[in-house]
Amino acid sequence: MTATETEWAVETHALTKRFGPNVAVNDVELRVPRGCAFGYLGPNGAGKTTLIRLLLGLTEVDSGTMSLLGYEVPKHRDIALARVGAIVDEPRFHSHLTGRQNLEILSASREPESRPRIAPALERVGLSQRADDRVAEYSMGMRQRLGVAACLLGDPQLLMLDEPMNGLDPAGMQDMREMIKSLVEEGRTVVLSSHLLDEVQRTCDAVAIVDKGRVIRQGSISELLAGSSLVVEIECSDSERARSLVAQRRTATEVTSGPEGIRVILPSGTGRDVIAGLVRELADGGIAIYRVQPMQTSLESWFLEVTSRFGESS
Amino acid sequence: MTIAIEAGPAGPQMPGTQPDRRDRRGSWIPNGRMIAAKILELRKRRGLMIALVAVDIGLPTLFLAVRLISHAVDPKSYGPAGGYDIFTPLVSNLMYVFGFIVAATLGCTAGCSDLSDGVFRHLVVTGRSRLALYLARIPAGTAIFAPLVAVGFAIVCVVCVYAAPTTLNYQGVNVPAGLSVSGFEAWSEAHYSEVICDFPYQGNLANFTCGPNGLIPPSGAAAGGVTTTPTAEYKAAAVKIARFNYNSYKNTFLSPPVSLMVESGLWVELEAFVGFMIGLGLGSLIGQRTVSVILMIVLELVVTPIVARVAIPHAVNLQRAVVGLSTAHLEPKALVPIFGNGGGPGAISHSVPVTTKEAVFVVVCWLVAWTVIGARRMVKRDA
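If you read the sequences in order, they're chains A and B. Heads up, the first sequence is in my numbering, so the first residue is 25 and it goes up one at a time. Heads up, the second sequence is in my numbering, so the first residue is 19 and it goes up one at a time.
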């Protein structure tokens with residue numbers, strides 16, 4: 025059989041998974057484009073890992089449909105997973121075996137061509153020198169890298185990495201980031217679940233935000249951030265009076281004052297002329313302006329904004 | 019709100035984009051590489067392998083080594099290390115139980131090691147059939163425990179054959195080995211005193227009196243200084259007793275015969291295989307090695323002997339369903355009965371009688387049932 029021609033590496037429709045009364049994955053509609061790094065973000069307990077487990081057939085779905093690389097799963101799970109590599113939760117291995125032997129065991133369940141890929145995979149993740157040491161002697165970071173090497177055995181088109189930065193030191197995180205980028209450059213799709221939003225912002229092209237089992241936003245990072253609030257920091261002589269003046273103007277969503285000045289949050293889409301008007305008004309009010317700094321909203325602050333807003337509305 | 023994402027271009031065609039026709043990973047039949055991988059995983063468990071070798075090879079070897087040394091140092095006090103009389107209890111009481119425990123421990127480990135080590139999900143993510151992953155454990159585990167049991171058994175056989183006594187001891191009397199019926203009768207005629215005094219007999223015979231040195235002639239026999247020992251009467255009695263004992267004598271050997279060793283070896287391997295399969299299913303079901311191994315040992319060393327010795331009214335059929343009784347029933351006749359319930363039909367009074375057909379049926383049912391339970395749990399389990 026052949027896969028249906030689709031541009032989506034991962035596609036889900038109304039996917040739902042319950043654990044008793046708790047809905048871990050709630051009616052999820054997700055589309056991950058091929059050939060990109062895709063971040064899957066959400067607070068703890070949001071259902072990120074459960075969704076990955078459903079996609080990989082590690083647990084059974086209650087309702088909904090899903091496909092990987094155009095193959096409907098679980099119907100064609102074996103064919104789909106032949107081109108998928110994944111780390112779910114922390115990567116664990118037989119600790120009494122060496123890294124190489126663990127990969128040999130995993131390779132035995134894949135196609136015969138996966139065996140010659142063991143050495144290059146170990147080389148790529150920088151474990152060649154320690155490949156013949158027992159995994160019991162590996163650090164957490166080395167296990168993470170061994171997990172990535174295990175993913176590469178199947179020459180995957182799609183990699184699903186659940187919290188791959190866990191346990192890595194800054195250098196290890198940098199290496200992992202570069203590896204993910206290089207995988208994407210090779211045309212592979214990487215789905216990255218992480219709570220390290222800054223890492224996702226640096227690594228991924230697109231994200232989906234999940235909260236309470238439901239995908240509440242998905243899109244490219246630049247598009248999503250374009251729809252977020254604008255923050256302006258103004259360093260001035262009298263922060264209390266400045267806060268009062270800006271609050272009267274009613275253009276700001278929120279104004280807070282500090283010892284050095286005020287922090288103004290403006291609605292998304294606010295133009296530069298509004299900021300100029302604010303500055304003019306403060307100057308007219310006799311307040312000395314020392315510095316005006318429009319801040320780019322980070323994915324982290326935007327993430328907190330949308331997840332808390334979602335929490336209030338639900 | 020959902021912001022539409024523009025779909026990216028389909029990734030460049032990479033090698034192996036289309037599924038390989040040779041790669042039948044959806045099949046439930048495990049391939050040789052999977053079996054070899056599982057053998058690697060199990061045999062590299064150093065602690066487990068040392069324990070298994072120590073129990074199944076080390077203990078019988080130690081027992082026989084002590085006997086060999088003792089006999090070499092003081093042959094008058096310590097009998098030969100081997101022989102038929104050593105072989106039968108050693109196989110029935112030691113190799114049978116140890117083989118089961120070794121194989122059950124290995125089975126429990128094979129049944130849950132992937133899960134407890136966190137590797138099961140890696141294996142599932144390969145897309146390989148979970149049933150194939152389970153079934154690969156059967157030949158892999160068998161390839162480990164069967165040679166172990168065979169080596170331990172072979173050591174017992176070698177010592178019992180080559181360190182066997184040079185004369186056959188039947189009922190405390192040295193008798194030539196391998197006599198025919200007529201030969202045994204002729205020998206009995208010639209040694210009527212030992213035969214009448216030491217061989218068992220159930221039947222009517224004249225009242226003979228035996229002393230510490232053998233048969234005591236009747237008090238009126240010596241008359242006028244002439245011995246009138248009724249030798250013909252003694253010889254006739256000895257022949258009768260010899261006929262009664264011949265079947266028992268026939269099954270007494272200096273060393274275990276080849277046919278008995280082959281039968282016993284297969285029986286011990288069968289018991290080990292049963293232990294492995296139940297352990298594998300139980301390990302897969304529970305997901306914990308320690309609990310599974312404890313349950314297996316309780317089954318073999320506590321439940322089965324109790325059930326074999328005590329017939330519970332209205333629950334005899336339930337007792338028959340205990341697999342240990344069935345494997346004990348299949349024990350070769352010439353061995354010492356295990357659990358007081360083996361040795362084949364008629365070898366010993368059975369508290370819970372089992373026919374051979376029932377025994378085979380029960381063993382097959384246990385093998386199939388635990389395979390189904392273990393495999394189903396593995397297929398349905400969250401990885």
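From the three backbone atoms N, C-alpha and C, an ideal C-beta is built for every residue, glycine too. Given the structure is predicted, the values throughout are model-derived calculations rather than measurements.
For residue i, is the classification buried or exposed, using 16 other Cβ atoms within 10 angstroms of its Cβ as the cut-off for buried?
| i | result |
| --- | --- |
| A/PHE117 | buried |
| A/HIS37 | exposed |
| B/HIS332 | exposed |
| A/THR227 | buried |
| B/MET314 | buried |
| A/THR213 | buried |
| B/TYR180 | exposed |
| A/VAL215 | buried |
| B/ILE324 | exposed |
| B/LEU133 | buried |
| A/ASP156 | exposed |
| B/GLU289 | buried |
| A/GLN242 | buried |
| B/ARG1 | Here chain B has residues from 19 to 401 only, and residue 1 of chain B is not among them. |
| B/LYS56 | buried |
| B/GLY229 | exposed |
| A/ASP308 | exposed |
Between the alpha carbons of residue i and residue j, how many angstroms are there, rounded?
| i | j | result |
| --- | --- | --- |
| A/ALA316 | A/GLY285 | Sequence check: residue 316 of chain A is Val here, not Ala. Their backbone Cα atoms lie some 10 Å apart in a straight line. |
| B/LYS258 | B/TYR210 | 11 Å |
| B/SER206 | B/PHE105 | 27 Å |
| B/PRO194 | B/TYR267 | 10 Å |
| B/VAL71 | B/VAL137 | 26 Å |
| A/GLY123 | B/CYS126 | 24 Å |
| A/PHE43 | A/TRP32 | 28 Å |
| B/ALA121 | A/GLU209 | 50 Å |
| B/THR160 | B/ARG399 | 24 Å |
| A/ASN50 | B/ASP135 | 30 Å |
| B/VAL109 | B/VAL91 | 26 Å |
| B/VAL397 | B/LEU86 | 51 Å |
| A/ALA195 | B/MET67 | 40 Å |
| A/GLU137 | A/GLN181 | 15 Å |
| A/ALA143 | A/LYS72 | 32 Å |
| B/ALA9 | B/ASN335 | Shown here, chain B extends from 19 to 401; a query on residue 9 of chain B therefore has no answer. |
| B/LYS351 | B/THR374 | 13 Å |
Is the closest heavy atom of the ligand SAM to the C-beta of residue i under 7 Å?
| i | result |
| --- | --- |
| A/VAL224 | The ligand SAM is not part of the structure shown, which contains no ligands of any sort. |
Kindly list the residues whose CB is nearer than 6 Å to the CB of residue i, restricted to its own chain and excluding five residues on each side of it in sequence; keep chain order.
| i | result |
| --- | --- |
| A/THR30 | GLY94 |
| B/PHE262 | TYR219 |
| A/PRO318 | VAL256 |
| A/GLU96 | none |
| B/PRO157 | ILE53 |
| B/PRO275 | none |
| A/ARG287 | GLU257 and THR280 |
| B/VAL311 | THR123 and CYS126 |
Report back the beta-carbon spacing between residue i and residue j to the nearest angstrom; my notes put them in contact at under 8 Å.
| i | j | result |
| --- | --- | --- |
| A/ALA230 | A/CYS60 | 6 Å |
| B/VAL370 | B/ARG395 | That pair is no contact at about 31 Å. |
| B/GLU349 | B/ALA260 | Not quite, the Cβ-Cβ distance comes to about 28 Å (not below 8 Å), so this is no contact. |
| B/GLU15 | B/PHE118 | This structure leaves residue 15 of chain B out entirely; chain B is present only between 19 and 401. |
| A/THR275 | A/VAL298 | 6 Å |
| A/LEU306 | A/ALA266 | 6 Å |
| A/ASP199 | A/ARG141 | Not confirmed; about 20 Å, so no contact. |
| B/VAL292 | B/VAL378 | In fact, because the Cβ distance is near 12 Å, the residues do not count as touching under 8 Å. |
| B/ALA128 | B/ARG155 | 4 Å |
Can you give me the Cβ contacts of residue i inside the same chain, cut-off strictly under 7 Å, excluding the 5 residues immediately before and after it?
| i | result |
| --- | --- |
| A/PRO115 | ARG167, GLN168, LEU170 and GLY171 |
| B/THR389 | MET295 and GLY299 |
| A/GLY88 | THR36, HIS37, ALA38, LEU39 and THR40 |
| A/LEU11 | Given a span of 25 to 338 for chain A in the structure shown, any question on residue 11 of chain A remains unanswerable. |
| A/LEU207 | LEU183 and VAL214 |
| A/ARG107 | LEU93, GLY178, PRO180, GLN181 and LEU182 |
For residue i, which residues in the same chain have their Cβ closer than 8 Å to its Cβ, ignoring the five residues on either side in sequence?
| i | result |
| --- | --- |
| A/ALA110 | ILE76, LEU80, CYS175, LEU183, MET184, LEU185 and ASP186 |
| A/THR277 | SER253, ILE289, LEU290 and PRO291 |
| A/MET90 | VAL34, GLU35, THR36, HIS37, LEU39, LEU78, LEU79, GLU96 and VAL97 |
Listed from N- to C-terminal order along the chain, which residues in the region 175-187 of chain A have their beta-carbon within a distance smaller than 8 Å of any beta-carbon of chain B? Cβ proximity to chain B below 8 Å picks out GLY178, ASP179 and GLN181 from the region 175-187 of chain A.
Report the residues of the region 58-84 of chain A with a CB closer than 7 Å to any CB of chain B, ordered along the chain. Answer set for the region 58-84 of chain A: ARG58, GLY59, CYS60, LEU80, GLY81, LEU82 and THR83.
Residues in the region 87-111 of chain A having any Cβ partner in chain B nearer than 8 Å: Shown in chain order are the members of the region 87-111 of chain A whose Cβ falls below 8 Å from a Cβ of chain B: ARG101, ASP102, ILE103, ALA104, LEU105, ALA106, ARG107, VAL108, GLY109 and ALA110.
Members of the region 134-155 of chain B that neighbour chain A once the beta carbon cut-off is set at 8 Å: The residues in question are ASP135, GLY136, VAL137, ARG139, HIS140, LEU141, VAL142, VAL143, THR144, GLY145, ARG146, SER147 and LEU151.
Taking a cut of 9 Å between CB atoms, which residues from the region 103-119 of chain B lie near chain A? Within the region 103-119 of chain B, no residue has a Cβ lying closer than 9 Å to any Cβ of chain A.
Could you please tell me which residues of the region 141-159 of chain A, in chain order, have their CB closer than 8 Å to any CB of chain B? Residues of the region 141-159 of chain A with a C-beta less than 8 Å from any C-beta of chain B: none at all.
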